[in-house]
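Some notes on the structure that comes next.
Numbering (full-length UniProt numbering), first residue to last: 1 to 399.
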């Protein structure tokens, strides 16, 4: 445990006491900076946005749009390409139900991968059921990464969309986004990236990635729940019709006809997540001050250390690549992950146990579920020691 890690952990009220949180891939704990920013926004500074002529509303509107610019800077993008959503799930559904419904038809194809989260599978199946578009599935390499060589063989001009995870929420495997973009664009397809697990751990660069859509949720990068981002190229956003109707997304409404606000506002119907937007921007400030390079290095090192320790046991099966980013999935022979998770909880260790919203991947791995330990900037070797101690106790209980 380094002094720096101790200092960081002290900023997280949710980690007080002898508790070892190893479920950051599900949701990250919140630093004081974010908590204080949201409390301030909900209290002393609170007002609605885009509507009031009074000073506090104007101030909150400025802060709300400054948060959008902060998101754009975090992604190396333009602010008019940033759509606030409830999270990555809504972002992907928005693309499916707007761009997808307008541009995909029977005979067109979508390429997904075996390791996708349900949020990047189910919306496309729903679109398939409405339009007749077909879905293909890209296999994985032996070590659990999306096989881009196979993707190149599969892709044809009939493919209009490729939708891949940047970082697997089960295996920690990392996609080479630029390579995937080149493959998709070579056949005229768009590329959508699920960046939920990447945003807290990797520097995002929309200018360099070459993708067409990018989605993530704030709560996984130390921000609030209930808000996320859809980034899309400006020309694509401008071509998309609104998904939901209501206040704030209109230009003019009559009973005969409604005209819509320009993107991104046309996709943000109703009173937005004002407090959460400010909290997300604060989380990005906090994370950027520490450094995404440091986050990546720290979590890769911890994942590698845990894999080394688990490999010493002859009763553990490890899944995913050796260089997985911040996530380690495994199975303990003869013990269901839920039982392991329950006993670990008694030891003050919180892991994830289940299919992780990736049932097709579980079927590919040949297991009903896995145990998953995932790290954050506040994680340290003490968390790994507690996990290993809990695994040993579990083995004694199960004989």
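Glycine included, each C-beta is placed from N, C-alpha and C at the ideal position. For clarity, every value in this text was computed on a predicted model and none was experimentally measured.
Among the bridge pairs identified by DSSP, residue 372 is matched with 329 and 352.
Rounded to whole angstroms, the separation of the alpha carbons of residue 353 and residue 110 is 30 Å. Taking a contact as a CB-CB distance under 8 Å, the pair residue 349 and residue 394 does not count as one, their CB atoms being some 10 Å apart. The straight-line gap separating the alpha-carbon atoms of residue 286 and residue 33 is approximately 7 Å.
With contacts defined by Cβ atoms closer than 8 Å, residue 292 and residue 81 do not form a contacting pair. With a contact defined as Cβ atoms closer than 8 Å, residue 226 and residue 247 miss out at about 19 Å. When rounded, the separation of the alpha-carbon atoms in residue 41 and residue 278 is 7 Å. Beta-bridge annotation (DSSP): residue 85 is paired with 228. As the crow flies, the alpha-carbon of residue 281 is around 46 Å from that of residue 396.
The alpha-carbon separation between residue 25 and residue 275 amounts to approximately 23 Å. About 5 Å separates the CB atoms of residue 174 and residue 167; that is less than 8 Å, so the two are in contact. Within the stretch 113-154, the complete beta strand (DSSP E) runs of at least 3 residues fall at 134-138.
About 15 Å separates the beta carbons of residue 384 and residue 332, which is beyond the 8 Å limit, so they are not a contact pair.
An exposed status is given to residue 46, since fewer than 16 other beta-carbon atoms sit within 10 Å of its beta-carbon.
The stretch 115-126 makes contact with the stretch 187-196: 3 or more CB pairs, one atom from each, lie closer than 8 Å. Contact between residue 371 and residue 340 holds: CB atoms are separated by about 5 Å, below the 8 Å threshold. Counting only the Cα atoms, residue 222 lies some 11 Å from residue 11. Contiguous alpha helix (DSSP H) elements confined to the stretch 219-282 occur at 234-239, taking only those with 4 or more residues. Between residue 288 and residue 88, the beta carbon gap of about 20 Å keeps them out of contact (Cβ cut-off 8 Å). When 20, 267, 147 and 188 are compared, the shortest CA-CA separation from residue 346 is found for 20.
Listed as beta-bridge partners of residue 190 by DSSP are 161. Excluding its 5 nearest sequence neighbours in each direction, residue 93 has C-beta neighbours in its own chain below 6 Å: 123, listed in chain order.
Residue 297 and residue 307 have their alpha carbons spaced roughly 15 Å apart.
DSSP lists 135 and 161 as the bridge partner or partners of residue 110.
Assignment of beta-bridge partners to residue 216 by DSSP yields 229. As DSSP reads the structure, residue 319 sits in a beta bridge with 329. When secondary structure is reduced to three states using DSSP, residue 20 falls in the strand class. In the structure shown, residue 174 adopts extended strand secondary structure according to DSSP, grouped into three states. Counting other Cβ atoms within 10 Å of its Cβ, residue 319 reaches 16 or more and is therefore classed as buried. Per DSSP, the continuous alpha helix (DSSP H) segment holding residue 388 begins and ends at 381-398. Within the stretch 47-102, the runs of alpha helix (DSSP H) that reach at least 4 residues and sit entirely inside it are, in chain order, 55-75 and 88-95. In terms of CA proximity to residue 310, 386 leads the group 386, 295 and 241.
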